[in-house]
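Undergrad: With the working numbering, letter number 14 in the sequence shown gets 1428, and the count goes up by one each step, no holes. Questions regarding the structure given below will be posed in turn.
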Amino acid sequence: MESKRITHAFCPVFDSESRILILGTMPSPKSRELGFYYSHPRNRFWPVLAEIFGEKIPKTPEEKENFVLRHKIALWDVLAECDIEGASDSSIKNAVPNDMSVIFKKADIRAVFTTGAAAAKLYKKHIEPKTGIEAIALSSTSPANAKTGFDKLCEEYKKILEYV
1415 MESKRITHAF CPVFDSESRI LILGTMPSPK SRELGFYYSH PRNRFWPVLA
1465 EIFGEKIPKT PEEKENFVLR HKIALWDVLA ECDIEGASDS SIKNAVPNDM
1515 SVIFKKADIR AVFTTGAAAA KLYKKHIEPK TGIEAIALSS TSPANAKTGF
1565 DKLCEEYKKI LEYV
């Protein structure tokens, strides 16, 4: 597969009540097509959050946005643009980080979480030196991370409940 230059198309989702920030790397082609974060039908992000908060799984972009805001969660990605092959985080090159001050100036973020090893590594390299906030790395909910089962993901993601 050929590498393509991708520019992030989504605005961050947050408000002044957001207390945690969850960052991926870059929306997948399917998420970009469907217009919202973690929208691949086999991505387990929304089912995991629904499980740990004891709610039904949000389906539409509006339901997803309302869900995270209601639970004081901000959503964005580490990168503003990069060269990437499909949805392969391991192929990312020429990364340009997002400016997290957009969120930190308006919300009292108490913890930052990254979804997946690539997001954690990119955050540590590009964002942590600016924010001084160490991120808590969580496993990827991507279908590519089939080795981590749903129950294990839920157990891991429960860490966010300590900060909301």
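Even glycine gets a Cβ: it sits at the ideal position worked out from N, Cα and C.
To which residues does DSSP link P1511 through a beta bridge?
TA: Per DSSP, L1493.
Undergrad: How far does the beta strand (DSSP E) with M1529 in it reach, from first residue to last?
TA: Per the sequence presented here, residue 1529 reads as Thr, with Met not at that position. Here the beta strand (DSSP E) through T1529 covers 1525–1529.
Undergrad: Assuming W1490 and L1575 make a contact with CB atoms under 8 Å, what is their CB distance in whole Å?
TA: Incorrect: roughly 20 Å between the Cβ atoms, too far for contact.
Undergrad: Which one of I1466, A1509, D1565, P1441 has the shortest CA to CA distance from H1540?
TA: Ranking the options by Cα distance to H1540, first place goes to A1509.
Undergrad: Does the separation of the CB atoms of K1473 and A1464 fall below 8 Å?
TA: It is not a contact, given that the beta carbons lie outside the stated cut-off.
Undergrad: Using the rule of at least 16 other Cβ atoms within 10 Å of the residue's Cβ for burial, across every protein chain shown, is K1486 buried or exposed?
TA: By the 10 Å Cβ count, K1486 comes out buried.
Undergrad: Quick one: what's I1498 bridged to in DSSP?
TA: Paired residues: K1418.
Undergrad: Could you give the distance in angstroms between the alpha-carbon of K1519 and the alpha-carbon of L1567?
TA: Cα to Cα, the separation comes out at about 30 Å.
Undergrad: Could you spell out the range, first to last residue, of the beta strand (DSSP E) harbouring L1552?
TA: It spans 1549–1552 - the beta strand (DSSP E) in which L1552 sits, taken as one unbroken run.
Undergrad: With a 10 Å radius around its C-beta and 16 neighbouring C-beta atoms as the bar for buried, classify G1438 as buried or exposed.
TA: G1438 is buried by the Cβ-count criterion.
Undergrad: Between A1494 and N1512, how many whole angstroms is the CB-CB distance? I'm expecting something under 8 Å.
TA: Correct: roughly 5 Å between the Cβ atoms.
Undergrad: Given a threshold of 16 other Cβ atoms within 10 Å of its Cβ, counted over all protein chains shown, does C1425 qualify as buried or as exposed?
TA: By the 10 Å Cβ count, C1425 comes out exposed.
Undergrad: Taking just the CA atoms, how far does W1460 sit from Y1571?
TA: When rounded, the distance between both Cα atoms is 11 Å.
Undergrad: With M1415 and G1530 assumed to form a contact (beta carbons below 8 Å), what rounded beta-carbon distance in angstroms separates them?
TA: Contact flag wrong, Cβ pair sits at about 19 Å.
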